[in-house]
Amino acid sequence: SNTMIKKILYWIPPILWMILIFYLSSKSRFTATGEPLQDFLIFKALHMCEYGLLALLLFNALYNTIKHNVSFAIRYSGLISIVYAASDEYHQLFTPTRSGTLRDILIDGCGILITLSILHVFYKKRPLNKRI
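Take any residue in the sequence shown, note its place counting from 1, add 2, and you have its number in my numbering.
Rendered as structure tokens:
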């Protein structure tokens with residue numbers, strides 16, 4: 003049915019994003035600047051952004067396909083995102099030149115938390131009939 007197709011379309015962006023994250027984690031480590039501190043800051047900021055975006059995409063899919071409830075969508079998009087971050091770090095243990103670290107999961111978690119906090123504030127301030 004048309005409704006089912008719409009629901010499937012909401013899940014395509016987070017699934018494609020997860021595939022891209024997995025693909026990039028399969029690649030050898032490289033440097034952006036050659037300066038260790040700058041590279042660390044750049045790549046950790048990118049980690050936060052990539053997992054913040056994952057949380058946002060999952061929020062959108064969950065909210066629009068499973069339950070039109072902001073708290074539900076925030077809670078479960080956060081949970082799925084952090085579990086995916088942990089699985090990605092585990093995957094990197096088997097990737098040459100990569101290492102899986104708890105620190106990176108925590109950094110990913112910061113990106114997730116920032117994104118979901120912004121969503122929470124955004125939805126909390128909107129009148130009920132204006133929510134999307």
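For each residue, glycine too, the CB sits at the ideal point set by N, CA and C.
Predicted model only: the values in this text are computed from it and were never measured.
Best match in the options for proximity to residue i [C-alpha to C-alpha]
| i | options | result |
| --- | --- | --- |
| A88 | L64, I114, M6 and N66 | I114 |
| K46 | Y125, K126, D106 and L121 | D106 |
| A57 | H49, I44, V72 and I76 | I76 |
| L121 | G80, E37 and Y12 | G80 |
| L26 | H93, F61, K127 and G54 | H93 |
| G54 | S119, K127 and F24 | S119 |
| Y125 | W19, V72 and F61 | V72 |
Supposed close pair residue i, residue j - CB separation, criterion 8 Å
| i | j | result |
| --- | --- | --- |
| R31 | T117 | Their Cβ separation, rounded to whole angstroms, is 25 Å, which puts R31 and T117 out of contact at 8 Å. |
Residue i versus residue j - alpha carbon distance
| i | j | result |
| --- | --- | --- |
| A34 | Q40 | 8 Å |
| F74 | I84 | 15 Å |
| T103 | N4 | 43 Å |
| Y86 | V123 | 24 Å |
| F196 | D90 | Nothing can be reported for residue 196: it is not among the residues displayed for the chain, which extend from 3 to 134. |
| H49 | L108 | 10 Å |
| K29 | E52 | 16 Å |
| A63 | I44 | 29 Å |
| Y12 | G36 | 39 Å |
| P15 | L59 | 7 Å |
Legend entry - the segment 59 to 70 contacting the segment 7 to 22, beta-carbon criterion three pairs below 8 Å: yes
Legend entry - Secondary structure, alpha helix (DSSP H): runs of 4+ residues fully inside the segment 33 to 111: 38 to 67 and 72 to 94
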